[in-house]
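Report on the following structure.
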Amino acid sequence: MTKKALAGLKIIEYGHFISAPYCTKLMADLGAEVIKIEDPGAGVDEARVHGPFPGFQAHPEKSGLFLWLNTNKKGIILNLNSGPGREILEKLLGEADILVQNTPPGQTKGKILDPETLRTSHPQLMVTTITPFGLRGPYKGYKAYELNTSAAAGVSVASGDPEREPLVLPFFQTYFQAGAAAAGATLSAVLARDKLKGRGQFIEISEVEVAANNLVGQHLTTYIYRGLTGIRRGHHGGYFNYPCACLPCKDGYVCLVAPQLAQWKRFIELMDTPDWSKNPRYRDRREMAESYPDEVDALLMEWLKNYSKEEIFRMCLERHIPFGPVRTIDEISGDPQLAARGFWTELDHSLAGRLRYPGTGYELSKTPATLEQAAPLLGEHNEEIIVGRLGYPQETYLTMLKEMFHAES
Amino acid sequence: MLSLEGYRILDFGTAWAGPMSTQLLADMGAEVIKIETQGRLDGLRLGRPIVGEDIAGGDEGKWPNLQPAFHALNRNKLSITVDIKKEEGLALIRDLVKISDVVSDNFSPGVMTRAGLDYDSLVRIKPDIITISLSGVGQYGPLKEATLYANTIMAMSGLSSLLGYYGEPPLGMSAVAYGDANASIHAAFAVLAALVYRKNTGEGQQIDLAETQMGSALLGEALMDYQMNGRVARPRGNRHPHMAPYNNYPCAGEDKWVSIAVKTNQEWRSFCAAIGNPDWCLEEKFGSIGGRLDHQEELDQKISLWTAQYEPPEVMEKLQEAGVAAVAVMTTEDHYFDPHFKERESYVEIEHPLVGVEALYGIPWRLSETPGAIYRPAPSLGEHNDYVFGELLGLAEQEIERLVKEKVIY
Chain A
3 MTKKALAGLK IIEYGHFISA PYCTKLMADL GAEVIKIEDP GAGVDEARVH GPFPGFQAHP
63 EKSGLFLWLN TNKKGIILNL NSGPGREILE KLLGEADILV QNTPPGQTKG KILDPETLRT
123 SHPQLMVTTI TPFGLRGPYK GYKAYELNTS AAAGVSVASG DPEREPLVLP FFQTYFQAGA
183 AAAGATLSAV LARDKLKGRG QFIEISEVEV AANNLVGQHL TTYIYRGLTG IRRGHHGGYF
243 NYPCACLPCK DGYVCLVAPQ LAQWKRFIEL MDTPDWSKNP RYRDRREMAE SYPDEVDALL
303 MEWLKNYSKE EIFRMCLERH IPFGPVRTID EISGDPQLAA RGFWTELDHS LAGRLRYPGT
363 GYELSKTPAT LEQAAPLLGE HNEEIIVGRL GYPQETYLTM LKEMFHAES
Chain B
96 MLSLEGYRIL DFGTAWAGPM STQLLADMGA EVIKIETQGR LDGLRLGRPI VGEDIAGGDE
156 GKWPNLQPAF HALNRNKLSI TVDIKKEEGL ALIRDLVKIS DVVSDNFSPG VMTRAGLDYD
216 SLVRIKPDII TISLSGVGQY GPLKEATLYA NTIMAMSGLS SLLGYYGEPP LGMSAVAYGD
276 ANASIHAAFA VLAALVYRKN TGEGQQIDLA ETQMGSALLG EALMDYQMNG RVARPRGNRH
336 PHMAPYNNYP CAGEDKWVSI AVKTNQEWRS FCAAIGNPDW CLEEKFGSIG GRLDHQEELD
396 QKISLWTAQY EPPEVMEKLQ EAGVAAVAVM TTEDHYFDPH FKERESYVEI EHPLVGVEAL
456 YGIPWRLSET PGAIYRPAPS LGEHNDYVFG ELLGLAEQEI ERLVKEKVIY
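Chains as they are written, first to last, in the working numbering: chain A, 3 to 411; chain B, 96 to 505.
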C-alpha cells in the first residue's frame, strides 16, 4: 500500500459537474476519504449526463467526464428534502472535517447548505463553497456557466481573433482553476486548525475571481502604468518580443516563443541565416511583435513548411530553442513522455468496463496520487455508509430508503 | 491570523510558474525568501520599466525594481542576493535550508543537482525538508531536457490544438499564460498536501511537477472521448455540446461583448420573454435544445442583432433579472471599475517605496478565520539581505560586509 498524504481526512462532497468534484478528486487521489452525496430529486451530478459516452450512447454510469472526476470516491444518494436524508447528512457532517459544495445560485431545487447554520451545528467543519461570483457582492446571485465565468474573469478577452468574438478556453478551464484553488485553500485551513483550537472555518471561492486573479491578475499592475494588456491577438501570444506565435508547418502547427535574444539567434542560424534576417527591419524584436508580426510570420512559414512539427521540435531541442509542437489529443494519448511518467492508470468499473484514466501533473515522492477505485455508481455505497459506518440497523435503513425515494415518485 | 504563519520557504523561482506558486503560499502567511543573484536576475526583473522609457536599459536589467509583472507576482516575499556558485554562497543557502520547511525551484532539470541543492543533498542537512521542482515536462522521462514557456506548455499539453473557432484550424495562442498559472495553483496545492503529511508523520519528501502534464491532466474529457470513441477533439470555439445559445455576442461600443448561455427550455423561454418575444423566437426549430443546437449559427445572428443595440451591462442586467446567464465580457479595465469586484476588494492597493501606491490583485480564496493578507510590496533586489543573514542566520555586521565585498552576497 502506498502511503497517503491526506490519509485520515474526511470530506463530504455535495457537488456537481466540475469545480467541486475536481476539488475533492485532488484530495481523494492523495488519500482523503470522500463521500459524494447526490440528491436525485434535485438532479444527479450533471457530469453523469454530460458524456462523452462509449459509442455515443448516453448512460448515467458511463459518462467519461463523471468517471474521470470521481475516482476514489464513495457515492451515496440522499433526498435532502426528507427527514431521513437530513438526518443522515447531519450525522455525516458531524464526523467530517470538510464539506465541499458548489450548488449554483438560482437553482430551483438543490440549495447550498447554509454556512452560517453549519457553523453552529458543526463548529469543527471546514465548509468550502464554490459559486460563480462568490457569496458577497452585487453579482452574487447571478447565474453563470463556464462561458460566462470565463467572460467575467477577463480570460475570454485574451483569446481569439481581434476582429471576432472572444473565445472561452477549451473544456471548462475556469471550473478546474476554481477546484484547484478550493483544494489549496481547504488544505491551508487544515494546517491552520491547531491555531484555531480545532475550529473549522468557511472557505468562499468565486470561480470568476479565481480565474481573474490567478490567470490574468498580473495585467492589472501593468494596466495602471501602461494601459490595457492581455487582449487577444489571434495566433499571436502575449509576449512583446517576436516570436510569440503559433504557425503552420508541414503536418500541423508549431508554437514559437523565444523570450531570450540568444534563442531567436539560434533559430535564425537553424534556418541557415536567410537573407531577410540580415535586413535591419527584422532585428528589433519588440517592433516586429508590435507592428508587423504577420509579415515576419510569412518569412518563417517558408522554412517551417518543409518540416514536420516533430522534426522541428527535435532540431530545436538540440539547439536549445524553446519551440514546441502543437500536439493533438491522439498524440497526447500516445505520448511516450506521459507514459514514462506513469500518467495513466487502468481501472475496472462494473458498467463502463476497463478504462485508462489520466492522472495528474505532480508526483509526491513518498505519497504519490494514485487511482485505485473507479467512480461510484449512483448510491453504490448507501448501505456501506448508512448501515456500516453510521450504524443504523438494516431495517431502519430500508425504511429510510423508502421514505426518501418512494415518497417522491 | 494567517494559516501558514511559521512556515518558511526558500524560493529559487524565476519568471512565472515558480514565483506565482510561492506567492500563493506567502499570501497565506508563509515567509518566502526569494533567492537571486545580480549575475542572474529573475527574468521578470527585465523589460520596460514602470517609470521612464528606458526600454533598452530595462531589457538589460538596469531597472530590476521597477517591473510591473514582477511586482504582481512577488508581493509578500523577501529578497536576498547570493552567488551560489561560490562555496561560501552555497554554505549560506545550506544554513538557510536548515531553518526552512520548503525549497522551491523552476529551473531546468539538473540545475539544482549540479548546484548541490537537490533533495538528496538537502535531506542530509534537513531531514524533513520538502522540495518542489516545477519544469516543462518533469525531472525524468525521455524529454526532460526540453526548455518550455507558458505558450509551448499549452501547445504540448494538447490545449492549444483545441483553442480556435469552430470548424477552423487552431489559433493555438492566448494572452493568458495558462501553462504557468495552471502549474502554479497545482504546485501550491501539492506543497500544502506535503505539509499536511509532514505535520502528521514528520516526513518530508520531494515533489516533481511537470507543467505540460499538468495541462494534459485537465483534458480528461477529451482524452476519455478519444479512448471511448476514437474521436480527436478539435477547436469548438464557444460551442457547448449541450447548450445553445452559448456564445459571446457583440454589443454597442468598440470591442464590447456579452456572453449568453442558455441551458434549459425554461431558460430559453425566459430569454425570449426578456427580449420581447420577437417572432423568430417562437419558430419551432428553436423550441427544443436539439433544434437550437442544430440551428445555432442562425440563432447567433438573430441574437447579435438584438445585443448590438445595448451595452454589455444593460444586457447582463436585463437577462439576469429573467434568470438567464448573461455576463459582460470583461477586460482588466472593466474589473478595475466594476462594482462587484470593488465590493469584494478583488483588488488591493499597496504602498511601494519606489513607485507609490500601486494596485495588485487580491487573494482569490476567502477564508473566514485565516483570510491571508497582502502585507508587503514586491521586494527590491537584495532588500532583505540584512534581515536574513543578520537576524535569521545571526551573522555579524562585519561578516556580512565582507561577504558583500567578496561578492558572495551579490
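C-beta atoms are modelled at their ideal positions from N, C-alpha and C, and glycine is treated no differently.
Q.
Using a Cβ-Cβ cutoff of less than 6 Å, which residues in the same chain neighbour residue 287 (chain A) once the five nearest sequence positions on both sides are dropped?
A. 243 and 244
Q. Is it a yes or a no for the segment 268-279 of chain A touching the segment 262-277 of chain B, going by three-plus beta-carbon pairs under 8 Å?
A. no
Q) Within 8 Å (strictly less), CB to CB, does residue 215 (chain A) reach chain C? A) The structure shown contains no chain C; its protein chains are A and B.
Q | Cut-off 7 Å between Cβ atoms - residues of its own chain near residue 97 (chain A), not counting five sequence neighbours on either side | A | 12
Q: Note down, in chain order, every chain A residue with its Cβ under 7 Å from the Cβ of residue 341 (chain B).
A: 149
**Q.** From B:166, B:224, B:371 and B:97, residue whose alpha carbon lies closest to that of residue 299 (chain B)
**A.** B:224
Q: For residue 395 (chain A), count neighbouring C-beta atoms within 10 Å of its own C-beta (all shown protein chains included) and say buried if the count is 16 or more, exposed if not.
A: exposed
**Q.** Whole-angstrom distance between residue 205 (chain A) and residue 463 (chain B), CA atom to CA atom
**A.** 6 Å
Q: Say whether chain A places a C-beta atom closer than 8 Å to the C-beta of residue 121 (chain B).
A: no
Q | Residue from B:505, B:326 and B:351 with nearest C-alpha to residue 57 (chain A) | A | B:326
Q: Give me the Cα-Cα distance between residue 69 (chain A) and residue 487 (chain B), rounded to the nearest whole angstrom.
A: 50 Å
**Q.** Nonlocal neighbours in the same chain, by C-beta distance under 6 Å from residue 240 (chain A), ignoring five residues either side
**A.** none
Q. Does DSSP classify residue 2 (chain A) as helix, strand or coil?
A. Residue numbering for chain A in the displayed model covers 3 to 411; residue 2 (chain A) lies beyond these limits and cannot be assessed.
Q | Between the CA atoms of residue 191 (chain B) and residue 338 (chain B) - distance to the nearest angstrom | A | 55 Å
Q | Beta carbon of residue 243 (chain B) nearer than 8 Å to that of residue 231 (chain B) | A | yes
Q. Can we say the segment 438-445 of chain B touches the segment 126-139 of chain A, given the rule of at least three CB pairs closer than 8 Å?
A. yes
Q. Given that residue 251 (chain A) touches chain B, what residues does it touch there, using C-beta distances under 8 Å?
A. Within chain B, no residue comes near residue 251 (chain A); the closest Cβ sits about 12 Å away, beyond 8 Å.
Q | Between the CA atoms of residue 118 (chain A) and residue 132 (chain A) - distance to the nearest angstrom | A | 15 Å
Q: Would you check if there are 3 or more beta carbon pairs closer than 8 Å linking the segment 138-154 of chain B to the segment 105-112 of chain B?
A: yes
(Q) What does the Cβ neighbour count give for residue 275 (chain B), buried or exposed, with the cut at 16 atoms within 10 Å? (A) buried
Q) Taking Cβ positions only, does residue 368 (chain B) come closer than 8 Å to chain A? A) no
Q | Of the listed residues B:171, B:329, B:222 and B:305, nearest to residue 194 (chain B) (C-alpha basis) | A | B:222
Q.
DSSP three-state label for residue 69 (chain A), please.
A. helix
**Q.** residue 461 (chain B): contacting residues in chain A (beta-carbon distance under 9 Å)
**A.** 136, 137, 138, 187, 204, 205, 206, 207, 208 and 211
Q.
Quick test of your reading: residue 169 (chain B) and residue 129 (chain B), contact by CB under 8 Å. State the CB separation rounded to the nearest angstrom.
A. 6 Å
Q.
What does the Cβ neighbour count give for residue 21 (chain A), buried or exposed, with the cut at 16 atoms within 10 Å?
A. buried
Q. Between B:102, B:164, B:173 and B:115, which lies nearest to residue 470 (chain B) when the distance is taken from Cα to Cα?
A. B:173
Q: For residue 355 (chain A), write down the residues that DSSP places opposite it in a beta bridge.
A: A:351
Q: Would you kindly report the start and end of the unbroken alpha helix (DSSP H) that includes residue 419 (chain B)?
A: Residue 419 (chain B) -> no alpha helix (DSSP H), and no H or E assigned at all.
(Q) Short of 6 Å in beta carbon distance, which residues of its chain neighbour residue 404 (chain A), apart from the five on each side in sequence? Order them along the chain. (A) none
Q.
Count Cβ pairs between the segment 243-260 of chain A and the segment 184-196 of chain A that sit closer than 8 Å; are there 3 or more?
A. no
Q: Using a cut-off of 9 Å between C-beta atoms, extract the partners of residue 138 (chain B) located in chain A.
A: 261 and 262
Q. In or out: residue 167 (chain A) buried (at least 16 other Cβ within 10 Å) or exposed?
A. buried
(Q) Between the alpha carbons of residue 410 (chain A) and residue 85 (chain A), how many angstroms are there, rounded? (A) Note that residue 410 (chain A) scores a pLDDT of 46, beneath 50, so its modelled location is shaky and nothing firm can be said.
Q.
Quick check on DSSP: helix, strand or coil for residue 405 (chain A)?
A. helix
Q: Return the residues of the segment 322-334 of chain A that lie within a Cβ-Cβ distance of less than 9 Å from chain B, sorted by chain order.
A: 322, 323, 324, 325, 326, 327, 328, 329, 330, 331, 332, 333 and 334
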